[in-house]
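Structure record follows, encoded as structure tokens.
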Amino acid sequence: MPRKRGMRISLFKVAAFYLGGRWTAWGGRRRIERKQLRNLRKLVAKARRDSPFFRKLYESLPETRRLTLPDLPVTSKPQLMGQFDDWVTDRSLKLADLRAFMSDLGNIGLPCGDVAVFRTSGTSGEPAVVVLTSRDIECLFGIMLARLSRSQLRRLPELHASGANVTITGANGHFVGSGLAPLIGHLTRRYPEWLGMTASHALHIAAEQPIEQIVQQLNQIGDVAVILTYPSTLSILLREMEAGRLKMNPLLIKVAGETLTPALRDHVRKVFPAQTTELIDAYACTECLMLSVECACGRKHLPEDWVVLEAVDADLQPVPDGVMSSSSLLTVLTNTVQPFIRYELGDQIQFYPDRCPCGSAFRSFKVIGRQATLLQIGDVVLSPLVFDLDHEDAQRVQLVQTGEHEFDLRCEVRHEAHRDRVFDEVGRSVANTLRQNGASGFSIQRSQEPPRLTASGKFHEVIPLKRTSRLPMAARVRPER
Ligand SMILES: [Zn+2]
């Protein structure tokens with residue numbers, strides 16, 4: 001690798017982002033919006049100067065100091081990834097070098113010269129390669145600390161002192177889930193215990209393993225204070241707890257990477273009835289690690305001084321607050337090396353039209369899900385959440401759409417003797433759900449294959465048919481069970 005200088009994290013810069021973040025919040029809407037516009041224009045100026053891709057894309061636009069967000073064209077992952085070397089603002093960064101670095105799994109958690117590099121799981125097509133600099137990580141810490149409530153801040157030392165901080169995510173690639181904690185551990189190894197955020201208590205468990213092994217490892221750790229995983233993995237762990245095979249009592253459960261459903265929230269409450277276990281939906285993405293901060297009211301607040309998230313319809317036009325979007329556009333104002341500006345994220349979100357009761361001046365939103373996960377059967381469009389694939393005798397059940405009206409059912413059963421019963425009962429439940437939602441003429445086959453995980457180790461209960469075109473958004477979507 002030709003990249004020389006290493007990454008460094010400066011506590012002074014973290015403190016500066018923290019103080020700046022508090023100052024912005026204290027000034028209310030006016031100061032937030034001014035700060036956002038200033039940061040946006042700085043990023044656009046940098047992109048126009050140092051990214052050949054953006055220089056060309058913005059060629060006919062007015063001067064940067066007159067620009068506002070709607071003036072800028074939308075960008076997409078295939079478009080940007082296709083011209084990666086011209087997209088980044090550092091001419092020495094080459095996609096081929098980054099891919100070569102990531103091909104060695106021994107590099108997980110290590111910087112690649114003066115940047116960190118991660119990949120997305122590619123759930124919605126080709127994986128994106130995301131480059132972060134020290135500045136992104138300093139801003140992440142400073143701003144996240146600035147946005148935590150007083151009670152959340154007070155809890156940090158307790159979380160640090162009461163046990164391990166366990167992440168259960170995919171380990172077969174340079175994903176943020178497995179790589180960020182060791183990277184931060186590496187970058188902060190010279191610092192003393194840093195507000196409980198150093199990686200000294202951080203443990204990673206590979207989500208790709210059989211459930212028995214994950215359970216065994218968690219039981220061996222003993223004191224688990226914080227657990228971060230995908231909702232789908234959490235759901236399986238809750239069932240293991242109910243069955244008495246898994247014993248843990250974390251203070252904080254964070255989920256990320258998939259949509260947290262109300263049904264799963266209820267399930268967590270049932271398994272952990274004492275109010276000492278807090279559940280947080282850490283909605284973020286590899287492209288933007290500080291996409292939201294969940295408050296005590298359960299709303300996600302957007303750190304608008306450094307992130308812009310737009311709720312848009314199928315034609316990528318803005319939808320009003322209070323209306324569910326069919327996609328979303330992301331602008332990350334911290335990352336000046338790899339500018340994400342009005343980047344189509346695909347997540348369906350809905351902004352709350354009113355101010356949050358918690359008092360935060362930052363806008364709040366909820367996440368409905370991802371377009372890529374919706375099923376289309378004829379003219380019926382369904383959310384994967386309408387299906388109930390839980391069965392007491394199965395560890396994992398997966399419904400795969402193999403054709404417009406064809407489905408495969410994959411089961412991982414606890415005992416072979418129960419295989420037929422699990423297939424019959426889950427198959428009946430799926431057929432009922434399809435019929436109740438207006439689908440007809442479908443067939444459900446029993447698959448000999450076991451359920452499969454995604455590249456990043458996520459378990460998707462329902463896998464829709466890969467589509468090349470957008471869903472007809474006039475179609476009715478039923479998001480919740
Ligand atoms: Zn709030």
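Residue numbers (the working numbering): 1 to 481.
Where a beta carbon is used, it is the ideal one built from N, C-alpha and C, also for glycine.
Quick caveat, the model's predicted, so the values are computed rather than measured.
- In the structure shown, V307 adopts extended strand secondary structure according to DSSP, grouped into three states.
- Cβ atoms of R135 and T286 stay farther apart than 8 angstroms, at about 17 angstroms.
- In terms of Cα proximity to F101, the closest of C112, S92 and L93 is C112.
- DSSP lists V413 as the bridge partner or partners of A394.
- Going by DSSP, T24 is part of the alpha helix (DSSP H) stretching over L11 to W26.
- Counting other Cβ atoms within 10 Å of its Cβ, W26 stays below 16 and is therefore classed as exposed.
- Residues of the same chain with a CB within less than 8 angstroms of the CB of L246, apart from the 5 flanking positions on each side, are V215, L218, N219, L237 and E240 in chain order.
- Collapsing the DSSP output to three states places T120 in coil.
- For L399, the closest of G427, R421 and G378 by C-alpha to C-alpha distance is G427.
- Excluding sequence positions up to five before and after H391, its CB lies within less than 7 angstroms of the CB of V397, V422, E425 and V426, all in the same chain and listed in chain order.
- Taking a C-beta distance under 8 angstroms as the contact criterion, I349 and S328 qualify as a contact pair.
- Beta bridge pairing from DSSP links T167 with H204 and L228.
- Counting the other CB atoms within 10 Å of its CB gives F175 a total of 16 or more, which places it among the buried residues.
- Boundaries of the beta strand (DSSP E) around E278: E278 to D281.
- Screening all residues for a C-beta within a distance smaller than 6 angstroms of any heavy atom in ligand 1 leaves C295, C297, R299, H301, C356, C358, S360 and S364, in chain order.
- Inter-segment contact for the region 129-148 and the region 9-17 is present: three or more beta-carbon pairs are separated by less than 8 angstroms.
- If you compare the alpha carbons of G438, A417, E416 and R419 with that of H405, the shortest gap goes to G438.
- Counting every other CB atom within 10 Å of its CB across the protein chains shown gives Y58 a total of 16 or more, marking it as buried.
- When the alpha-carbon of S149 is set against those of R299, A206, G179 and L93, the nearest one is in R299.
- G179 places its beta carbon less than 8 angstroms from that of G109.
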